[in-house]
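The block underneath contains the structure these notes are about, expressed in structure tokens.
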Amino acid sequence: MPKKVSFLLLILFMSINFRAYGQPDLKPFVSGSYQQILANNAKKPFMLVVWSIDCSSCIKDMTLLNEIHQENPALKIVMLAADEPSVGDQVKQILSKYKMDSVENWLFADENSEKLRFEIDPKWYGELPRTYFFNAAHQRTGISGVLSKKDILAKIAK
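FYI, the numbering for the sequence shown is 4 to 161, going by our numbering.
Here you go:
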């Protein structure tokens, strides 16, 4: 019996370790999650990056985002995958591949994606990638499309 318990504990430890180092946590983004993100980052500047596994420009941006994260570790980056929950494993694989698994990650978890987009920004119609820059007072600037490193650094410097 002790061997069996030891074996089970080893499997449990390995699965926890794999999750911690191999798979990012994906928080379910539902109605009210946007307000939760704002509350959790009160009086702090941060970037909210909305992306999708179906957006080739979004995937290309991952390398740049990782580079910016490595160069500016104090900058809070929140990643939000605007995909259906059924593709969560693919979202995790992409985040791990591009080493974005150490930042805060969310995934749309409501069938009504239009409602979720509206909560984030009533003027946003779903074009991706979409990046929001928040200053400490939570005044935000939203930009659709691919941004250069120079553009991102200029926005976070403000």
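From the three backbone atoms N, C-alpha and C, an ideal C-beta is built for every residue, glycine too. The model shown is predicted, which means the values in this text are computed figures rather than measured ones.
> Cα separation between Ser-9 and Leu-68?
Replying inline: Only weak support exists for where Ser-9 lies, its pLDDT of 41 falling under 50; the value from the coordinates is given anyway. The straight-line gap separating the alpha-carbon atoms of Ser-9 and Leu-68 is approximately 41 Å.
> Would you say the segment 80–95 touches the segment 28–40, given that touching needs at least three Cβ pairs under 8 Å?
Replying inline: Judged by Cβ distances under 8 Å, the segment 80–95 makes contact with the segment 28–40, as three or more pairs qualify.
> Taking buried to mean at least 16 other C-beta atoms within 10 Å of its own C-beta, is Pro-132 buried or exposed?
Replying inline: Counting other Cβ atoms within 10 Å of its Cβ, Pro-132 reaches 16 or more and is therefore classed as buried.
> Unbroken beta strand (DSSP E) runs of length 3 or more, entirely within the segment 24–91: which are they?
Replying inline: The segment 24–91 contains these whole beta strand (DSSP E) runs: 30–32, 49–54 and 79–84.
> Residue range of the alpha helix (DSSP H) that Leu-119 falls in?
Replying inline: Element bounds for Leu-119: 116–123.
>> Taking 8 Å as the cut-off, does the segment 74–89 touch the segment 105–117 (at least 3 CB pairs, one atom from each stretch)?
In response: The segment 105–117 is in contact with the segment 74–89.
>> Tell me which residue opens and which closes the beta strand (DSSP E) that Leu-131 is part of.
In response: Counting along the chain, Leu-131 falls outside any beta strand (DSSP E), and DSSP gives it neither H nor E.
>> Can you tell me which residues form a DSSP beta bridge with Ser-147?
In response: Bridge partners of Ser-147: Arg-133.
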